[in-house]
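Participant: Going by the working numbering, the residue at position 39 of the sequence shown is 114; the numbering climbs one at a time, nothing skipped. To start, I am sharing the structure in question, which I have written as structure tokens.
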Amino acid sequence: MRQETVEMALEKAIAEASEHLFFQELMEVRMQRPAESFSPGDYLVLIKVSEPLKGILVLIYERHFAPQLVTEVIGDIVDDDNAVTDGLKEISNTIAGNLMANMVPDTPFKIGLPSCCHIFHVNDLPVEYVLNFYFDETRIGAFWIME
């Protein structure tokens, strides 16, 4: 079984999801400090992976673009925070599934239900750098925490 690095697998997973779900092509990937990229109020989605790898996938979505992103995915105007968080959890779940399929091909895996909240203090994120995936109109931040 050939495993890709987390970064490579994550880039492929996000590129696949973006092309199929919200029809945007991945333009660029940059490693940046969280405070350089995101702001309080942005959305943070966590998905726990329990088999065969153990860890947490964390995805960050810009607050000002998240409603438009979810609208593009579901094809209906989204105008309340609950609908936005539900949509972001669905997008994140797809990315997590793609990530695991890329990291452990042809191997069953288990992922938990996504949880979503707003970032209050960007500097409180438990990483020094975030991978930022840039599209035409927005970016998605991501990092993996090994357990």
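Ideal Cβ placement from N, Cα and C applies to all residues, glycine included. In this text, all values refer to a predicted model and were calculated from it rather than measured experimentally.
(1) Quick check: the Cα distance between residue 195 and residue 176, rounded to an integer number of angstroms?
(2) Cβ atoms of residue 120 and residue 141: under 7 Å apart, would you say?
(3) Who are residue 99's beta bridge partners in DSSP?
(4) Would residue 169 and residue 92 be called neighbours here (beta carbons separated by less than 7 Å)?
(5) Hey, how far is the Cα of residue 208 from the Cα of residue 139?
(6) Who are the Cβ neighbours of residue 86 in its own chain at under 6 Å, not counting the five residues just before and after it?
Facilitator: In short:
(1) 32 Å
(2) no
(3) Per DSSP, none; premise fails for residue 99.
(4) yes
(5) 16 Å
(6) 104
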